[in-house]
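In the numbering used here, the protein residues as written are 1 to 64.
What follows is the structure in C-alpha coordinates.
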(Lines of atoms letter the chains of each structure in order from A; the text may use other names.)
(Lines give C-alpha, C1' and ligand atoms only; values in the text may rest on other atoms or scores of the structure.)
Protein backbone atom coordinates (compact mmCIF):
# COMPACT_ATOMS: atom_id res chain seq x y z
CA UNK A 1 0.00 0.00 0.00
CA UNK A 2 1.23 3.50 -0.79
CA UNK A 3 0.78 6.54 1.44
CA UNK A 4 0.90 9.75 -0.57
CA UNK A 5 2.37 12.81 1.13
CA UNK A 6 2.93 15.72 -1.19
CA UNK A 7 3.75 16.79 -4.73
CA UNK A 8 5.95 19.62 -5.91
CA UNK A 9 5.37 20.96 -9.41
CA UNK A 10 7.93 22.43 -11.81
CA UNK A 11 7.76 24.50 -14.97
CA UNK A 12 10.60 22.78 -16.82
CA UNK A 13 12.12 19.34 -17.23
CA UNK A 14 15.48 20.74 -16.13
CA UNK A 15 13.99 21.79 -12.78
CA UNK A 16 12.47 18.33 -12.29
CA UNK A 17 15.71 16.56 -13.24
CA UNK A 18 17.59 18.64 -10.67
CA UNK A 19 15.66 16.77 -7.94
CA UNK A 20 17.78 13.66 -8.61
CA UNK A 21 20.55 15.35 -6.60
CA UNK A 22 20.32 14.25 -2.96
CA UNK A 23 20.94 17.81 -1.75
CA UNK A 24 18.10 19.43 -3.73
CA UNK A 25 16.17 21.81 -1.41
CA UNK A 26 12.76 20.25 -2.14
CA UNK A 27 14.05 16.72 -1.56
CA UNK A 28 15.73 17.75 1.70
CA UNK A 29 12.58 19.53 2.91
CA UNK A 30 10.33 16.55 2.15
CA UNK A 31 12.73 14.10 3.82
CA UNK A 32 12.89 16.33 6.89
CA UNK A 33 9.11 16.66 7.02
CA UNK A 34 8.15 13.01 6.33
CA UNK A 35 11.29 11.02 7.22
CA UNK A 36 14.33 9.69 5.37
CA UNK A 37 12.53 6.56 4.19
CA UNK A 38 10.16 8.41 1.85
CA UNK A 39 10.44 7.72 -1.86
CA UNK A 40 10.11 9.96 -4.86
CA UNK A 41 8.66 9.53 -8.31
CA UNK A 42 9.19 12.00 -11.09
CA UNK A 43 6.28 12.42 -13.45
CA UNK A 44 6.27 14.10 -16.86
CA UNK A 45 2.90 14.60 -18.51
CA UNK A 46 2.03 15.39 -22.15
CA UNK A 47 2.47 19.00 -23.28
CA UNK A 48 -1.24 19.78 -23.18
CA UNK A 49 -1.56 18.91 -19.46
CA UNK A 50 -0.59 21.51 -16.87
CA UNK A 51 1.21 21.22 -14.51
CA UNK A 52 3.48 19.04 -16.58
CA UNK A 53 6.39 18.15 -14.28
CA UNK A 54 5.84 16.68 -10.81
CA UNK A 55 7.95 15.36 -7.95
CA UNK A 56 5.70 12.89 -6.09
CA UNK A 57 6.59 12.04 -2.47
CA UNK A 58 5.28 8.80 -0.93
CA UNK A 59 6.02 5.92 1.43
CA UNK A 60 5.39 2.23 0.86
CA UNK A 61 3.55 0.83 3.86
CA UNK A 62 4.01 -2.74 5.00
CA UNK A 63 0.87 -4.81 4.89
CA UNK A 64 -0.08 -6.82 7.98
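Here a beta-carbon is modelled for each residue, glycine too, at the ideal position from N, C-alpha and C.
- Counted as a single uninterrupted DSSP element, the stretch harbouring residue 20 is not any beta strand (DSSP E), since DSSP gives it neither H nor E.
- In this structure, 61 is the residue among 15, 61 and 1 with its C-alpha nearest to the C-alpha of residue 37.
- Here residue 54 carries a strand assignment [DSSP, helix/strand/coil].
- The Cβ-Cβ distance between residue 53 and residue 10 falls below 8 Å.
- Around the beta-carbon of residue 8, 16 or more other beta-carbon atoms lie within 10 Å, marking it buried.
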